[in-house]
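Input: a single structure, listed below in structure tokens.
There are 2 protein chains.
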Amino acid sequence: MNPGELVPAMSGRAWRVPPRSLVEVIDVEGSQTGDVFAVPTDDLEDGLSNGRTFDYGESIRLTTGSVLYSRRSRPLLTIVEDEVGTHDFLWAPCSQEMYEIGYGVTEPHPNCLDNLTASLGGFGVPAATVTIAFNVFMNVAVGQDGGLAILPPATAAGQSVTFRTERELLVAVTACAATTANGGAAKPLRVRITEGAGSPTQGRA
Amino acid sequence: MNPGELVPAMSGRAWRVPPRSLVEVIDVEGSQTGDVFAVPTDDLEDGLSNGRTFDYGESIRLTTGSVLYSRRSRPLLTIVEDEVGTHDFLWAPCSQEMYEIGYGVTEPHPNCLDNLTASLGGFGVPAATVTIAFNVFMNVAVGQDGGLAILPPATAAGQSVTFRTERELLVAVTACAATTANGGAAKPLRVRITEGAGSPTQGRA
Numbered sequence: 001m002n003p004g005e006l007v008p009a010m011s012g013r014a015w016r017v018p019p020r021s022l023v024e025v026i027d028v029e030g031s032q033t034g035d036v037f038a039v040p041t042d043d044l045e046d047g048l049s050n051g052r053t054f055d056y057g058e059s060i061r062l063t064t065g066s067v068l069y070s071r072r073s074r075p076l077l078t079i080v081e082d083e084v085g086t087h088d089f090l091w092a093p094c095s096q097e098m099y100e101i102g103y104g105v106t107e108p109h110p111n112c113l114d115n116l117t118a119s120l121g122g123f124g125v126p127a128a129t130v131t132i133a134f135n136v137f138m139n140v141a142v143g144q145d146g147g148l149a150i151l152p153p154a155t156a157a158g159q160s161v162t163f164r165t166e167r168e169l170l171v172a173v174t175a176c177a178a179t180t181a182n183g184g185a186a187k188p189l190r191v192r193i194t195e196g197a198g199s200p201t202q203g204r205a
Numbered sequence: 001m002n003p004g005e006l007v008p009a010m011s012g013r014a015w016r017v018p019p020r021s022l023v024e025v026i027d028v029e030g031s032q033t034g035d036v037f038a039v040p041t042d043d044l045e046d047g048l049s050n051g052r053t054f055d056y057g058e059s060i061r062l063t064t065g066s067v068l069y070s071r072r073s074r075p076l077l078t079i080v081e082d083e084v085g086t087h088d089f090l091w092a093p094c095s096q097e098m099y100e101i102g103y104g105v106t107e108p109h110p111n112c113l114d115n116l117t118a119s120l121g122g123f124g125v126p127a128a129t130v131t132i133a134f135n136v137f138m139n140v141a142v143g144q145d146g147g148l149a150i151l152p153p154a155t156a157a158g159q160s161v162t163f164r165t166e167r168e169l170l171v172a173v174t175a176c177a178a179t180t181a182n183g184g185a186a187k188p189l190r191v192r193i194t195e196g197a198g199s200p201t202q203g204r205a
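Order-wise, the sequence lines are chains E and C. Each residue of the first sequence is one higher than the one before, counting from 1 in full-length UniProt numbering. Each residue of the second sequence is one higher than the one before, counting from 1 in full-length UniProt numbering.
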């Protein structure tokens, strides 16, 4: 079996992925979140959009069957298998500014925004395209008053979520560099890409 | 008193606004939503971000005291007065594709995305900067399961929400072109800008 590729703790990687492929993101040790971003190869400014995804899915909870849309309303990824069921599309990727403003960090800190933009930048994606990311395994409680609370991820070691690519994409995945959202320590993820293995009918809710 | 400027039904306008100014958006007839987008004049790719705003405010409900942040984590707008209290930052601006996918429209339809990008384009803002907008008066219910439902706006005629600019901005406002979110008919809004009248301490929660 294709073992996939490791995304070391606090880092990010990106791949060019053909249409109808499967991208499985595996939480190797458990309780680790990651950021997933995608952009079609035919328009490097048409990145993933939480607003468009909420528009068409009419929900902020995304799991098997959910389609993730681009800014220009094109389907990019469909969740075809989800062993966990808790993901977040509200929070922006952690960034240097977030560590400074939110946690008082003064030194450079590894962060998902820079890891996404650096890995996608290698394929020519402008940094400004990355405005948001789909936060796999991130466990966010939304209160009745709209308040947000970050809880420890509910993933056990080896659990995964799998996406089907709906067109040719550049897909980036980070192992989130924060410790608060990851049960106290930043850990790796593993990504297994199986080209052309996604059935068009998989994951249709 | 400064009467402000009308934003006719289904249209959009944009202004260059100095720091510490007040931007009041008035629902002239009642039950009408609008999209507000802002970008700092010193970086036309650093647009408004719902994810960053949720990051720092830790809530999806924004009202008096809430700060709206840019993609690069800079404060752009602070809500300093809010006569309504129901706004949305989850849904993306209505677009031609949304009318086609969501409502089966086949002809060109006026839409907030094109109205935002056209009005800001006059100031040189790249269309790709507009990924989301703050939807004033848009009344969205979020279910316990994360499901989203659009309800009629709760605004009475003449009610308003007022923002303070936290730096020099280009601010665009549309009167939303959809009818579903606007109580059955698209109506105008009015925008009153008072340059330099915003106190730095106003609106601090």
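Even glycine gets a Cβ: it sits at the ideal position worked out from N, Cα and C. The model shown is predicted, which means the values in this text are computed figures rather than measured ones.
- Message: Closest to residue 209 of chain E by C-alpha separation, out of E:V161, E:A186, E:P75, would be which residue?
- Response: Outside the displayed span of chain E (1 to 205) sits residue 209 of chain E, for which this structure offers no information.
- Query: Are the stretch 17-37 of chain E and the stretch 68-81 of chain C touching by the rule of at least three beta carbon pairs closer than 8 Å?
  - Reply: With the cut-off at 8 Å, the stretch 17-37 of chain E and the stretch 68-81 of chain C do not touch.
- Task: Using only alpha-carbon positions, find the residue among C:A127, C:S119, C:F89 that is nearest to F137 of chain C.
- Result: C:F89
- Would you give the residue range spanned by the beta strand (DSSP E) that G34 of chain E belongs to? 34-40
- Query: Beta-carbon of I79 of chain E versus every beta-carbon of chain C: anything under 8 Å?
  - Reply: False, the Cβ-Cβ gap to chain C never drops below 8 Å.
- Give a yes or no on whether the C-beta atoms belonging to T41 of chain C and R16 of chain C are separated by under 8 Å. yes
- Message: Between the alpha carbons of F37 of chain C and R74 of chain C, how many angstroms are there, rounded?
- Response: 14 Å
- Query: Are A157 of chain E and D35 of chain E touching if we call contact CB-CB under 8 Å?
  - Reply: The Cβ-Cβ distance between A157 of chain E and D35 of chain E does not fall below 8 Å.
- Below-8 Å beta-carbon distance, A197 of chain E vs any chain C residue: Not an interface residue.
- Under three-state DSSP, which class holds S199 of chain E? Coil, per DSSP.
- By how many angstroms is the C-alpha of A197 of chain C removed from the C-alpha of L62 of chain C? 22 Å
- C-beta neighbour in chain E for S66 of chain C, strict 8 Å: At least 8 Å separates the CB of S66 of chain C from every CB of chain E.
- L148 of chain E: contacting residues in chain C (beta-carbon distance under 8 Å): F54, E58, S59, I60, listed in chain order.
- Item | Nonlocal neighbours in the same chain, by C-beta distance under 6 Å from R149 of chain C, ignoring five residues either side | Note that residue 149 of chain C is Ala in the sequence shown, not Arg. Setting aside the 5 residues that flank it on each side, A149 of chain C is surrounded in the same chain by A141, each with a C-beta closer than 6 Å to its C-beta; the list follows chain order.
- Determine the direct distance from the alpha carbon of N50 of chain C to that of P126 of chain E, and round the result to whole angstroms. 20 Å
- Can the beta-carbon of F134 of chain C be found less than 8 Å from the beta-carbon of T78 of chain C? no
- Query: By Cβ distance below 6 Å, which residues in the same chain neighbour E81 of chain C in space, the five residues on each side in sequence not counted?
  - Reply: T162
- Message: DSSP three-state label for A92 of chain C, please.
- Response: coil
- Query: With burial defined as no fewer than 16 other Cβ atoms inside 10 Å of the residue's Cβ, what is the status of L76 of chain E: buried or exposed?
  - Reply: buried
- Message: Any beta carbon of chain E sitting closer than 8 Å to that of N115 of chain C?
- Response: no
- Item | Inter-residue spacing [alpha-carbon to alpha-carbon] between M10 of chain E and Q96 of chain E | 13 Å
- Task: May I ask you to verify whether the stretch 107-119 of chain C touches the stretch 114-133 of chain E, counting CB pairs closer than 8 Å and requiring at least 3?
- Result: The stretch 107-119 of chain C is not in contact with the stretch 114-133 of chain E.
- Item | Contacts around A205 of chain E, its chain only, beta-carbon distance under 6 Å, and the 5 residues preceding and following it disregarded | Confidence at A205 of chain E is low in this model, with a pLDDT of 43, below 50, so the placement of that residue should be treated as unreliable; the coordinate-derived value is given next. For A205 of chain E, where only same-chain residues beyond five positions count, the Cβ hits under 6 Å are G65.
- In the stretch 91-105 of chain E, which residues sit with their C-beta less than 9 Å from some C-beta in chain C, listed in chain order? W91, A92, P93, C94, S95, Q96, E97, M98, E100, I101, G102
- Query: For I101 of chain E, which of helix, strand or coil comes out of DSSP?
  - Reply: In the three-state reduction of the DSSP assignment, I101 of chain E falls in the helix class.
- Short CB-CB distance (under 8 Å) between G51 of chain C and chain E: yes
- Task: Can you give me the Cβ contacts of Y99 of chain C inside the same chain, cut-off strictly under 7 Å, excluding the 5 residues immediately before and after it?
- Result: Within the same chain, Y99 of chain C has close Cβ partners V105, H109, N111.
- If you run the structure through DSSP and keep just helix, strand and coil, what is S31 of chain C? coil
- Closest by C-alpha distance to D13 of chain E, when choosing among E:A128, E:A186, E:V171, E:T194: Inspection of the sequence shows that residue 13 of chain E is occupied by Arg rather than by Asp. Comparing Cα-Cα distances from R13 of chain E to each of E:A128, E:A186, E:V171, E:T194, the minimum goes to E:V171.
- Item | Partners in chain E for V142 of chain C, counting only beta-carbon separations shorter than 8 Å | Near V142 of chain C (Cβ distances below 8 Å), the residues of chain E are I60, V142, G146.
- Task: May I ask which residues mark the beginning and end of the alpha helix (DSSP H) holding G12 of chain E?
- Result: Taken as a continuous stretch (DSSP letters only), G12 of chain E belongs to no alpha helix (DSSP H), being part of the beta strand (DSSP E) at 12-17.
- Item | Inter-residue spacing [alpha-carbon to alpha-carbon] between V39 of chain C and P19 of chain C | 12 Å
- Message: To be precise: take each residue of the stretch 15-49 of chain E, compare its Cβ to all Cβ atoms of chain C, and keep it if any distance is under 7 Å. Which residues remain?
- Response: Within the stretch 15-49 of chain E, the qualifying residues are E45, S49.
- Task: If I'm right that I132 of chain E touches L44 of chain E with Cβ under 8 Å, what's the distance once you round it to whole angstroms?
- Result: So it is not a contact: roughly 16 Å between Cβ atoms.
- Message: Does any residue of chain E have a CB that is nearer than 8 Å to the CB of A154 of chain C?
- Response: no
- Start-to-end residues for the beta strand (DSSP E) that takes in N139 of chain C: 139-142
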